[in-house]
Amino acid sequence: MTFQINRRSFLRLGMATGVASLAPRWALSQAAEAAPPTDRLAQMRAAGASTPIKTTKLYDNIWLLQGAGGNMAVQSGKDGVLLVDSSFATAVPHIREAIAAVSNDAPHALINTHWHVDHVDGNEGMHAAGFHVIAHEKTKTRMSAPSEIKLLHISLPAYPAGAIPSTTLAATLSHKHNGDSVELVHYDPAHTDTDIYIHFHNADVLHCGDIFFNKTYPFIDEGTGGSIGGTIDAAQKSLALVGDATKVIPGHGPLGNKADLKLYIDMLSAVRDNVAALKKTGTSEQEVIAKKPTTQFDSDWLRSGGSPDMFVGIVYRTV
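As structure tokens, then:
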């Protein structure tokens, strides 16, 4: 199902309003795995408050923003500012400063790639700043009720009304905005069951959200529909969209390209196959973890931290 929004309707989305990670470096580390649940979320939000935003220009009017939470993107222009993801609530002042440094255009729409706290926690603050929130319908459902990320021992209450997406898509949503054709498309369950990508066609920029972790082993949320097979399928779907010059924004890690995404798929597939072969012989999860089936990739995929043991456990349970 495709929703077409014309320019006038799309502009109205933000006018009614007035004028942070599962960051792999620490959240997927062994220390984080042992941290008390209440401390984990506080630690994330403290990082959102203290971490400056790094801004990288990708196109004439598109920038990559990187802070404590998931990678964000900004598109500016006369139709208003589009923001992809909102990090942590505590990062909102930094995000607003980063946007103001590259654009004087009015706030318009905030698009969430999925429901995780390091991508949506800043929604309420950005909504108060004038952004209308758009996401997949399951993101709205998950944010509207108490939720948890079991593997990371994070429990969250329902988000306040200002944080909840007010425009949702079931499959796709496309529109013209700031001189570009912008397309939002839902993946089949992958990292979660709420993931979407945002494709700026003319600029040749693709934001994949957390179905792509660049240079670090991924976290896959099996508690909300994620699986290794779904993540591989989503990454392959993304690969089919990109060319050699496409700028590929991962949910976490450095800006990527087609070659990086292909390497990621190859790593995921090899680890899945290694783990599946061991599991088929009756080897237990802990025994498989002890065999270190990621060893051949660790030198490249532990550059930004992360936990190969956590990743292998997820693969084992979802293969």
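In this note's numbering, each residue carries its 1-based index in the sequence shown increased by 1. Even for Gly, the Cβ is constructed at its ideal location relative to N, Cα and C.
- DSSP places Lys238 within a helical segment (H, G or I) once states are collapsed to three.
- Rounded to the nearest angstrom, the gap between the Cα atoms of Ile199 and Asp122 is 19 Å.
- By the neighbour-count criterion, in which 16 or more other beta carbons inside 10 Å mark a residue as buried, Glu125 falls on the buried side.
- By the Cβ rule, the stretch 95-112 counts as touching the stretch 66-84, because three or more pairs are nearer than 8 Å.
- Unbroken alpha helix (DSSP H) runs of no fewer than 4 residues, entirely contained in the stretch 93-155, are found at 93-103, 118-121, 124-129, 138-144, following chain order.
- Contact check between the stretch 267-279 and the stretch 229-239: three or more CB pairs, one atom from each, fall below 8 Å, which counts as touching.
- Here the C-alpha atom of Val320 lies approximately 40 Å from the C-alpha atom of His178.
- DSSP places Thr195 in the coil class of the three-state scheme, outside both helix and strand.
- In this structure the stretch 205-215 lies against the stretch 259-270, because at least three pairs of beta carbons, one per stretch, are closer than 8 Å.
- Taking each of Thr195, Gly163, Thr247, Gln237 in turn and checking the Cα distance to Phe201, the smallest one comes out for Thr247.
- Checking the DSSP bridge columns, you'll see Ile250 partnered with His208.
- In this structure, Phe89 is the residue among Leu65, Val85, Phe89, Thr56 with its C-alpha nearest to the C-alpha of Ala47.
- Contact annotation: the stretch 49-63 does not touch the stretch 145-164, with fewer than three C-beta pairs closer than 8 Å.
- Counting C-beta pairs with one atom in each stretch, the stretch 109-121 and the stretch 134-143 have three or more that are closer than 8 Å, which means they touch.
- Between Asp234 and Asp189, the CB-CB gap stays under 8 Å.
- With respect to the 8 Å criterion, His120 and Val82 are not classified as neighbours on the basis of their beta carbons.
- For Glu286, the enclosing alpha helix (DSSP H) stretches over residues 286-291.
- Nearest C-alpha to Asp61 among Pro158, Val103, Leu256: Val103.
- For the set His95, His253, Asp205, the Cα lying nearest the Cα of Asp245 is the one of Asp205.
- The beta carbon of Leu279 lies closer than 6 Å to those of Val289 in the same chain, with the five residues before and after it left out.
- For Met127, the closest C-alpha among the options Asp181, Gly307, His95 is that of His95.
- Rounded to the nearest whole angstrom, the C-alpha separation of Trp302 and Lys216 is 5 Å.
- The three-state secondary structure of Ser182, taken from DSSP, is strand.
- Taking C-beta separations shorter than 8 Å and ignoring five residues to either side along the sequence, the partners of Ser145 in its chain run Ala159, Tyr160, Ile165, following chain order.
- DSSP lists Tyr60, Gln76 as the beta-bridge partner residues of Ile63.
- Scanning Leu240, Asn203, Leu242, Pro251 for the CA closest to the CA of Phe220 turns up Pro251.
- Separation of the CB atoms of Leu59 and Leu66 is rounded to 11 Å, and the pair is thereby denied contact status at 8 Å.
- With respect to Gly163, Ala129 sits close: the two C-beta atoms are nearer than 8 Å.
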